[in-house]
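Q: Structure in structure tokens, see below.
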Amino acid sequence: MTSAASSRSVGVLRAALVLEEVRAMPVYEFKCTECGNLFEVMGSYAEREKAQTCPRCGSQEVKQAISLFSAKAPSAW
Numbered sequence: 028m029t030s031a032a033s034s035r036s037v038g039v040l041r042a043a044l045v046l047e048e049v050r051a052m053p054v055y056e057f058k059c060t061e062c063g064n065l066f067e068v069m070g071s072y073a074e075r076e077k078a079q080t081c082p083r084c085g086s087q088e089v090k091q092a093i094s095l096f097s098a099k100a101p102s103a104w
């Protein structure tokens, strides 16, 4: 493989990794007021606004929990 071809391959791989980072979705935590189960929902802001159902007991009496967040800084190439 030539140096130019190798550089292109690395560039394509980097572009794919950057694209994958852009597709990251937030995770929202909810707590069931019936059974106390804490569960997560991954999705867009619109997903967070939908009525949620507890996966343990099936109740729709859930509230969004206050949770921490983490962010990954773009890595230096």
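Just remember that my numbering sits 27 ahead of the position in the sequence shown, which is counted from 1. Each residue gets a CB set at the ideal place from its N, CA and C atoms; glycine is no exception.
#1: Could you tell me which residues DSSP puts in a beta bridge with residue 65?
#2: Measure the alpha-carbon distance for residue 54 versus residue 67 and round it to whole angstroms.
#3: I'd like to confirm the pairing. Which residues does DSSP put opposite residue 90 in its beta bridges?
#4: Grab the span of the alpha helix (DSSP H) containing residue 75 for me, first residue to last.
#5: Heavy atom of the ligand FMN less than 8 Å from the Cβ of residue 100, yes or no?
#6: Any beta carbon of chain D sitting closer than 9 Å to that of residue 92?
A: Walking through what the data contain:
#1: Sequence index remark: in the sequence shown, residue 65 carries index 38 (1-based). Note: residue 65 sits in a beta bridge opposite 58.
#2: Counting from 1 along the sequence shown, the entry for residue 54 is found at position 27. Counting from 1 along the sequence shown, the entry for residue 67 is found at position 40. If I take the Cα positions, the gap works out to 6 Å.
#3: What you label residue 90 is simply residue 63 of the sequence shown in a count that begins at 1. According to DSSP, which records beta bridges pairwise, residue 90 is partnered with 58.
#4: Here residue 75 is taken as the residue at index 48 of the sequence shown, counted from 1. 72-76 is the extent of the alpha helix (DSSP H) around residue 75.
#5: Ligands are entirely absent from the displayed structure, and the ligand FMN is therefore not among its contents.
#6: Any reference to chain D falls outside this structure, which holds one protein chain only.
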